[in-house]
Amino acid sequence: MRALSVERDGSQVAYAGWLDVTEYLASAILRDIRIFHVPYPGWQDRYKDQVKMEMLKKGGWSGVDPEDIRAEVVVRLEKEGWDSVRPAPSVTVCSHAIAQVA
C-alpha cells in the first residue's frame, strides 16, 4: 500500500497504485491471523483508499445487498464475460473479510 498515490482536486479523486493488494492481504489473514500487525498510524486511512481504488478499477461493490450483487454479476457476465467480471466479486469479498479483523 506504500505505492498507493491519492490526489484530490476539489471533488475529484485520482488513485494510482498496485492492484490485488486487498486479495493478497485477505488470503494471508485467512491463512494465519497472526500475520496481521499494523505498525504505523494512518494505516486504516491508507487501506480505505486502497480499497476505493481497487473497487473503482475492478467494479466491486460496497454497501450493497448480496442478492443485488448476485443479480449484477449475472448481468455483467452476459455483457462482458467472466474475465471482466471475476475481479469484482473477489475484491468485494476480500475487502469485507479484512474489515472483519481490521
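The sequence shown runs 27 to 128 under this note's numbering.
Think of the CB as a built atom: it goes at the ideal place given N, C-alpha and C, for glycine as much as any other residue.
If you're wondering where the values come from, they're calculated on a predicted model, not measured in any experiment.
Report yes if the CB atom of serine 31 is closer than 7 Å to the CB atom of valine 77, and no otherwise.
Cβ atoms of serine 31 and valine 77: not closer than 7 Å.
Taking the alpha carbon of arginine 34 as the reference point, which residue from Ile124, Met79, Gln70 has its own alpha carbon closest?
Distances from the CA of arginine 34 to each of Ile124, Met79, Gln70 were compared; the closest alpha carbon is that of Met79.
Against chain D, does alanine 114 count as a neighbour if the rule is that its beta carbon must be under 7 Å from one of theirs?
Considering every chain present, this structure includes no chain D. It has just one protein chain.
Below 8 Å, how does it come out for the stretch 63-74 and the stretch 82-101: are there three or more Cβ pairs, yes or no?
No, because fewer than three Cβ pairs between the stretch 63-74 and the stretch 82-101 fall closer than 8 Å, the two stretches do not touch.
Contact set for proline 113: own chain, Cβ-Cβ below 6 Å, skip 5 residues either direction:
Cβ within range, chain order: Lys84.
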